[in-house]
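Just below is one structure, and these are the notes that go with it.
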Amino acid sequence: MHGVLTSPCLRPPPLLRRAFPSPATRLLPPQTLALRPLPLPRGLRSSRPPPPPRAAAEAAASAVGGLLAPLSTLEVGLRSVNLAPLRAPVAAAMSAVVRWLGVYREVLLVGVLFSWFPNIPWDRQPFSALRDLCDPFLALCREVMPPVFGRKLDLSPLIAFMAIDIIIMILRPQPRM
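So the sequence shown is residues 1 to 177, counted in full-length UniProt numbering.
What follows is the structure in structure tokens.
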């Protein structure tokens, strides 16, 4: 049993046989990194259609009159940009914005609930700070949905909560399937 667990692997696993580009070759044009696909076992066919012949692609590019040449150089230039170092800071910033919006949503909820009580002294702390935080955003939402029934029913908090929830849904990373 001990010999089976410590025996060296003679062949690398099939997925590691393919040559992956090293960090030094990431900046090279994609034509120099000619990676060959792994062969499929017998009886299986690829679901991808075969690539078009290179001669047909060159003929189509020359038929357009060279309009594709600037696009191809832009495409090669964009491929050479390594965006991997930006993923973590952007994800951290989006996560921070989502958390801040969640806290603001709770503050907005408290402000809306306190607005139902007419005897709250809005000119004293902490109520004046709460009003200063909530009123600018609610005023913006009141422009979208003005109060109804002779200014007795204000639906702007609903618009505000929906807007915050939509922004949170957009910024929250989706799970990978």
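Virtual Cβ for every residue (Gly too), placed ideally from N, Cα, C. Keep in mind that this is a model prediction, so the values were computed, not measured.
Inset, instruction - State the DSSP-derived secondary structure class of L153, mapped to helix, strand or coil. - result: strand
Legend entry - Option nearest S128 by Cα separation, candidates R142, V110, A163: V110
Inset, instruction - Pull up the DSSP beta-bridge partners for A148, would you. - result: Position check: residue 148 holds Val in this sequence, whereas Ala was assumed. Bridge partners of V148: L153.
Legend entry - Residue environment, P157, which counts as buried when at least 16 other CB atoms sit within 10 Å: buried
Inset, instruction - Compare the C-alpha of A160 against each of D123, P89, M145, M169 and name the closest. - result: M145
Inset, instruction - Find out if the Cβ-Cβ distance for the pair V148, L138 is shorter than 8 Å. - result: no
Legend entry - Beta-carbon spacing of residue 183, I170 below 8 Å: In the structure as shown, the chain starts at 1 and stops at 177, and residue 183 therefore has no counterpart that could be examined.
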